[in-house]
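Report on one structure; see the data block that follows.
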Amino acid sequence: MALLQIAEPGQSPVPHQVKLAVGIDLGTTNSLVATVRGGRAAVLPDEQGAPMLPSVVNYSDPSAAVVGRTAQAMSSEHPADTLISVKRFMGRGREDANEDAARAHYQLADDAAGMVRFVTAAGPVSPVEASAEILRVLHQRAIDTLGDELQGAVITVPAYFDESQRQATKDAATLAGLKVLRLLNEPTAAAVAYGLDSAEQGVIAVYDLGGGTFDISILRLHQGVFEVLATGGDTALGGDDFDAAVADWVLQESGSQALQPGLYRTLQARARAAKEQLSDAESVSISLDGLVDSGAAVVLTRAGFESLIQPLVKQTLRACRRCLRDAQLDTDVDNVVMVGGSTRIPLVREAVAEFFSRDPLLDIDPDQVVAVGAAIQADILVGNRPEGDLLLLDVIPLSLGLETMGGLVEKIIPRNTTIPVTRAQEFTTFKDGQTALVVHIVQGERELVADSRSLARFELRGIPPMVAGAARIQVTFQVDADGLLNVSAREAATGVQSAVTVKPSFGLNDEQISAMLQASFSHAEQDKQARQLAEQRLEAQQLLEGLEIALAADGDALLAPDECARLHQKMSLVREQMSGEDVNDLRIQTEQLGQASESFAARRMDKSIREALSGVSLEALDDGVSE
Ligand code: ADP
Ligand code: MG
Numbered sequence: 026m027a028l029l030q031i032a033e034p035g036q037s038p039v040p041h042q043v044k045l046a047v048g049i050d051l052g053t054t055n056s057l058v059a060t061v062r063g064g065r066a067a068v069l070p071d072e073q074g075a076p077m078l079p080s081v082v083n084y085s086d087p088s089a090a091v092v093g094r095t096a097q098a099m100s101s102e103h104p105a106d107t108l109i110s111v112k113r114f115m116g117r118g119r120e121d122a123n124e125d126a127a128r129a130h131y132q133l134a135d136d137a138a139g140m141v142r143f144v145t146a147a148g149p150v151s152p153v154e155a156s157a158e159i160l161r162v163l164h165q166r167a168i169d170t171l172g173d174e175l176q177g178a179v180i181t182v183p184a185y186f187d188e189s190q191r192q193a194t195k196d197a198a199t200l201a202g203l204k205v206l207r208l209l210n211e212p213t214a215a216a217v218a219y220g221l222d223s224a225e226q227g228v229i230a231v232y233d234l235g236g237g238t239f240d241i242s243i244l245r246l247h248q249g250v251f252e253v254l255a256t257g258g259d260t261a262l263g264g265d266d267f268d269a270a271v272a273d274w275v276l277q278e279s280g281s282q283a284l285q286p287g288l289y290r291t292l293q294a295r296a297r298a299a300k301e302q303l304s305d306a307e308s309v310s311i312s313l314d315g316l317v318d319s320g321a322a323v324v325l326t327r328a329g330f331e332s333l334i335q336p337l338v339k340q341t342l343r344a345c346r347r348c349l350r351d352a353q354l355d356t357d358v359d360n361v362v363m364v365g366g367s368t369r370i371p372l373v374r375e376a377v378a379e380f381f382s383r384d385p386l387l388d389i390d391p392d393q394v395v396a397v398g399a400a401i402q403a404d405i406l407v408g409n410r411p412e413g414d415l416l417l418l419d420v421i422p423l424s425l426g427l428e429t430m431g432g433l434v435e436k437i438i439p440r441n442t443t444i445p446v447t448r449a450q451e452f453t454t455f456k457d458g459q460t461a462l463v464v465h466i467v468q469g470e471r472e473l474v475a476d477s478r479s480l481a482r483f484e485l486r487g488i489p490p491m492v493a494g495a496a497r498i499q500v501t502f503q504v505d506a507d508g509l510l511n512v513s514a515r516e517a518a519t520g521v522q523s524a525v526t527v528k529p530s531f532g533l534n535d536e537q538i539s540a541m542l543q544a545s546f547s548h549a550e551q552d553k554q555a556r557q558l559a560e561q562r563l564e565a566q567q568l569l570e571g572l573e574i575a576l577a578a579d580g581d582a583l584l585a586p587d588e589c590a591r592l593h594q595k596m597s598l599v600r601e602q603m604s605g606e607d608v609n610d611l612r613i614q615t616e617q618l619g620q621a622s623e624s625f626a627a628r629r630m631d632k633s634i635r636e637a638l639s640g641v642s643l644e645a646l647d648d649g650v651s652e
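Each residue of the sequence shown is one higher than the one before, starting from 26 at the first, in my numbering.
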């Protein structure tokens, strides 16, 4: 929902060097791949000319997964090995997914890590792996049609997808050998497909009724920037329910009882075909051949179909009303975008038009609109647009954080957080009497400042002198809809504050971003050790500094010369160890120094109590205590 510049001024791509990139709608029911060619965005069909790839993966053959229509055809025979709607399971934990898995008749593998994995003939399969199979097919389709210099893909995700669901989608792309240019929210992609991003401002409702899910999103466009005001819907309501309603009606009409599962699935397929025909035809005949003994066919009229699905359509409108309420809007939106195959149904179009009191946008094929928007976005991202074109960004590509003692990074806003966003965290002073604090803002996934990208630095001055750890400094990170980062620091007691505005993109290109992400993955273990070492060094340094002050003040008075020498010797051992790389040795040395200085600390404590009590009679003290 914000704009960051991708092309640095003066770096605009050479006009004739068109780079190939694709947009992918990784849907629950169907997936598509689209690209911009000759200035026009279009979906890439398969060899048979079909644009949509059913999001179905069959694992009956352990040596090779089958994807799409063929897999769909195998589903009646191999229900457990045929994974449909895996998108519902992306990025979810096993506990969380149990119920949905049971509903879909999937058996989940036992997994110590709590991951969701389906039991199939090819062994346990995770939703990420199954999604990767779908992406692999679309990737191959793109290479076959466009040639193999694909720069990358924009992949769409539901606006409500959280960090782990987005990450799972990215992981699937990586498995499929795809470079992800960006994840884009599905409703944002649909709005982009209609060119709504070129308007000055406006409120857009995106009504997405697919196969198994209904999503309503309210977007606000302001200065070319999309913000998701609210999302809502029903994760168990879609075209499949219309199919079921028709199938049940057919059974009732033919006077037959429930069918066995295999036959019921056949009936459902016929019901779906009838439903789709009814979007154009006034009536259809549904054959009962092979399903029931008696009947040849039943006829369903459009009016009959409409009365069957009316309650479900009403249900979507109730969700729209709730979502508008969440967005604190009435029904007065500037544009309504229709997305998803089920919005082809005339009744759905009419109901939505009436609800919002305006004609919804439906020029672009509702099945394809998300993929088309993603393709346009991908085209911009690889730099095929003339200079000045801006990049839509709705999540933060890299974590933003700040430097804490010991050169460590404290992440304040994790990557993939949607913007605008505000996060605050409290910090404190490290030294007694510290009156100023440097706020160093860094970007990246690594644990150490040295491995991160430095964005800005500013000072907070005028902190009242206090003992270390007593000051309370609130640091606030705010990324606004324009993609600008504003960092402010405020000391609670005095209210002194200081702030700086940073532009987080800073011309960081996607390659750099992915290199940084890659580094954070491959360095995870190394980073953990580096963090431990840095923390241990910090502890050692604090102990040394404290001891130096104490020795300067009371060393001569409270310690015998040999005690003093022993302490100094242990201190220099710690100092030596601090420049080494062994965290364990440093920990041991620090602990030994701590123990060695204990009796000195105790003597200082006694001394300060004596001093505090000097001149105060014991009786007075007693009185004070007893009262
Ligand atoms: P998803 O976003 O879940 O992947 P889609 O947007 O591809 O789903 O929508 C698939 C649904 O659209 C299916 O239920 C399908 O039957 C339905 N659909 C496709 N074409 C039509 C049509 N002409 N009339 C009614 N429903 C249709
Ligand atoms: Mg969809």
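Using N, Cα and C, we set each Cβ at its ideal position, and we do this for glycine too.
**Message:** Is S332 near the ligand ADP - that is, is its Cβ less than 7 Å away from at least one heavy atom of it?
**Reply:** For the purposes of this step, residue 332 is taken as the residue at position 307 of the sequence shown. Outside the cutoff, so no.
**Request:** Look at R515 and I488 and say whether their C-beta atoms are less than 8 Å apart.
**Result:** Looking up residue 515 in the sequence shown gives position 490. Looking up residue 488 in the sequence shown gives position 463. Not in contact: R515 and I488 (Cβ atoms no closer than 8 Å).
**Prompt:** How many angstroms separate the CA atom of F329 from the CA atom of A129?
**Reply:** Position 304 of the sequence shown, counting from 1, holds the residue named residue 329. Position 104 of the sequence shown, counting from 1, holds the residue named residue 129. At residue 329 the sequence reads Gly, which differs from the Phe that was named. Each residue's alpha carbon lies about 29 Å from the other.
**Message:** Determine whether the beta carbon atoms of G398 and A214 lie at a separation below 8 Å.
**Reply:** Looking up residue 398 in the sequence shown gives position 373. Looking up residue 214 in the sequence shown gives position 189. Yes, they are a contact pair.
**Prompt:** From this set, Q557, Q620, L558, A549, which residue's C-alpha is nearest L657's C-alpha?
**Reply:** Any answer about residue 657 is impossible in this case: the structure gives the chain only from 26 up to 652.
**For D222, the residue or residues it bridges with in DSSP** = One-based indexing of the sequence shown puts residue 222 at position 197. DSSP lists no partner for D222.
**Asked** Using the C-alpha atoms, what's the distance from A524 back to A66?
**Response** Within the sequence shown, residue 66 is the residue found at index 41, counting from 1. Within the sequence shown, residue 524 is the residue found at index 499, counting from 1. Whole-angstrom Cα-Cα distance: 43 Å.
**Request:** Within 10 angstroms of the Cβ of Q282, are there 16 or more other Cβ atoms? Answer buried if so, exposed if not.
**Result:** Taking the sequence shown and counting its residues from 1, one reaches residue 282 at position 257. Looking at its Cβ environment, which holds fewer than 16 other Cβ atoms inside 10 Å, Q282 is exposed.
**Asked** Using 8 Å as the threshold, is the region 610-627 in touch with the region 591-598, meaning 3 or more CB pairs across them?
**Response** Three or more Cβ pairs drawn from the region 610-627 and the region 591-598 lie within less than 8 Å of each other, which places the two stretches in contact.
**Prompt:** First and last residue of the alpha helix (DSSP H) that includes V111?
**Reply:** In the sequence shown, residue 111 corresponds to position 86, counting from 1. Neither: V111 is in no alpha helix (DSSP H) and is coded neither H nor E.
**Prompt:** For A270, does the count of other Cβ atoms within 10 angstroms reach 16, so buried, or fall short, so exposed?
**Reply:** Position 245 of the sequence shown, counted from the start, is the residue given in the question as residue 270. That one is buried.
**Prompt:** What first and last residue would you give for the beta strand (DSSP E) that runs through P149?
**Reply:** In the sequence shown, residue 149 corresponds to position 124, counting from 1. From DSSP, the beta strand (DSSP E) with P149 extends over 148-150.
**Contact set for V182: own chain, Cβ-Cβ below 8 Å, skip 5 residues either direction** = Taking the sequence shown and counting its residues from 1, the one referred to as residue 182 is at position 157. If we look at V182 and ignore the five residues flanking it on each side, its Cβ neighbours are L51, Q190, R191, T194, L208, L209, N210, E211.
**Prompt:** So, is the C-beta of R497 closer than 8 Å to a C-beta in chain C?
**Reply:** The structure shown contains no chain C, having only a single protein chain.
**Message:** If we require 3 or more residues per run, which beta strand (DSSP E) segments fall completely within the region 125-205?
**Reply:** If only uninterrupted beta strand (DSSP E) runs of at least 3 residues are considered, those enclosed by the region 125-205 are 143-145, 148-150, 175-182.
**Prompt:** Would I574 be called buried (16 or more neighbouring beta carbons within 10 Å of its own) or exposed?
**Reply:** Counted from its first residue, the sequence shown places residue 574 at position 549. I574 should be labelled exposed.
**Request:** Mind the definition here: the region 552-563 touches the region 423-438 only if three or more C-beta pairs lie below 8 Å; say whether that holds.
**Result:** Output reads yes: the region 423-438 touches the region 552-563.
**Request:** Please report the residue range of the beta strand (DSSP E) in which A514 lies.
**Result:** Stepping through the sequence shown from its first residue, residue 514 is reached at position 489. First-last of the beta strand (DSSP E) with A514: 510-516.
**Prompt:** Is it true that the region 167-177 meets the region 106-123, where meeting means three or more beta-carbon pairs spaced less than 8 Å apart?
**Reply:** The region 167-177 is not in contact with the region 106-123.
**Prompt:** Does at least one heavy atom of the ligand ADP sit under 7 Å from the Cβ of G116?
**Reply:** Counted from its first residue, the sequence shown places residue 116 at position 91. Flag unset: Cβ of G116 not near the ligand ADP.
**Asked** Beta-carbon separation of L349 and I229 under 8 Å?
**Response** Looking up residue 349 in the sequence shown gives position 324. Looking up residue 229 in the sequence shown gives position 204. Cβ distance not < 8 Å, so L349 and I229 don't count as in contact.
**Asked** Since L354 and A376 are thought to touch, with beta carbons under 8 Å apart, how far apart are those beta carbons, to the nearest angstrom?
**Response** Within the sequence shown, residue 354 is the residue found at index 329, counting from 1. Within the sequence shown, residue 376 is the residue found at index 351, counting from 1. L354 to A376, Cβ: 19 Å. No contact.
**Asked** What is the residue span of the beta strand (DSSP E) that G580 lies within?
**Response** For the purposes of this step, residue 580 is identified with residue 555 of the sequence shown, where counting begins at 1. Run containing G580: none; DSSP gives neither H nor E here.
**Message:** I'd like the span of the beta strand (DSSP E) that includes F483, first residue to last.
**Reply:** The residue you call residue 483 lines up with position 458 of the sequence shown. 478-486 is the extent of the beta strand (DSSP E) around F483.
**Request:** State the Cα-Cα distance for the pair V500 and K456, rounded to the nearest angstrom.
**Result:** As a first step, residue 500 is located in the sequence shown; it is residue number 475 there, counting from the start. As a first step, residue 456 is located in the sequence shown; it is residue number 431 there, counting from the start. Their Cα atoms are separated by approximately 18 Å.
**Message:** Less than 7 Å between C-beta atoms, sequence neighbours within five positions excluded: which residues of the same chain meet that for R297?
**Reply:** Taking the first residue of the sequence shown as 1, we reach residue 297 at position 272. These residues qualify, in order along the chain: D268.
**Request:** Report yes if the C-beta distance between V205 and I180 is below 8 Å; otherwise report no.
**Result:** As a first step, residue 205 is located in the sequence shown; it is residue number 180 there, counting from the start. As a first step, residue 180 is located in the sequence shown; it is residue number 155 there, counting from the start. Yes, the pair counts as a contact, with Cβ atoms nearer than the cut-off.
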